[in-house]
Structure formats: C-alpha cells, structure tokens
Amino acid sequence: MWRFVTRPEPKLKVTFSEVTADDLQGRAKVIDDYIFTETGRPVHNVIESKFHFRDGLIVSHHDHCDPVSWAHMAMTGPKALLAGRVRLVRAKATSKKLEQFLRTNPG
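Using the numbering used here, read the sequence shown as starting at 238 and increasing by one per residue.
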C-alpha cells in the first residue's frame with residue numbers, strides 16, 4: 238500500500254508539518270498538491286495522519302481529510318457529489334486504482 242500511496246504523480250508536492258511522536262503514538266499534517274490524473278484538475282489535499290506504534294513499528298495508521306472538499310477539487314458534476322459524500326464510491330475507485338497498480342508493479 239505504501240508503494241501505491243507514494244508512487245509518482247504528475248506535479249506531486251508533499252509537505253509535512255506538525256510532526257510529533259513518542260514511543261506509543263505519532264501525528265503529522267500532510268499536504269498533497271498534485272494533478273488528479275483522471276480529470277487533470279489540481280488538488281490541494283490536507284490530511285491529518287495518526288499513528289500507533291508497538292515495538293518500534295507502526296501498528297495502525299489512520300488518515301483524515303475532507304472528502305467533500307477533495308472530491309470537488311478532483312472531479313466535477315454528479316461524480317464529485319457522490320465521491321465526496323459516499324465513502325463506498327471513493328473506496329471502489331481507490332480499490333480499482335490499487336488493483337491496477339499491483340498488476341503493473343508486482344512484488
């Protein structure tokens with residue numbers, strides 16, 4: 238999944254701030270600026286990431302962003318309305334992209 242998330246994207250710029258961590262947990266604010274490949278639209282996605290650690294390893298990682306805002310930057314029309322408000326629509330699109338990535342990038 239990390240290889241998929243960090244794959245090269247057109248004009249991708251990632252900024253990290255507010256990074257804190259201790260032995261048990263960590264947080265970071267991540268800002269992704271990129272061009273959404275399916276529509277060519279620019280996206281400025283602000284993500285709050287939370288991590289939990291055990292024995293020096295990440296045992297859970299949760300990201301939160303504003304899906305409605307993201308969808309309106311990335312898409313237009315009814316697709317943006319659905320993707321922003323229905324998690325299943327976003328999950329299906331992401332799953333499709335991940336499967337395609339894994340087919341072309343095995344191992």
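Positions of the beta carbon are idealized from the N, C-alpha and C atoms, including for glycine.
Self-check item: Where T331 falls: helix, strand or coil (DSSP)
Solution: In this structure, T331 counts as helix in the three-state DSSP scheme.
Quiz prompt | L385 (DSSP reduced to helix, strand or coil) | solution = Since the displayed the chain opens at 238 and closes at 344, residue 385 lies outside it and no answer follows.
Self-check item: Where R291 falls: helix, strand or coil (DSSP)
Solution: In the three-state scheme derived from DSSP, where H, G and I count as helix and E and B as strand, R291 is classed as strand.
Quiz item: From what residue to what residue does the beta strand (DSSP E) around R264 run?
Solution: Looking at the DSSP string, the run of the beta strand (DSSP E) that includes R264 is 262 to 273.
Practice problem: Keeping to the same chain, check which residues put their C-beta closer than 6 Å to that of E255; ignore five residues upstream and five downstream. | Solution: Correct list, in chain order: K266.
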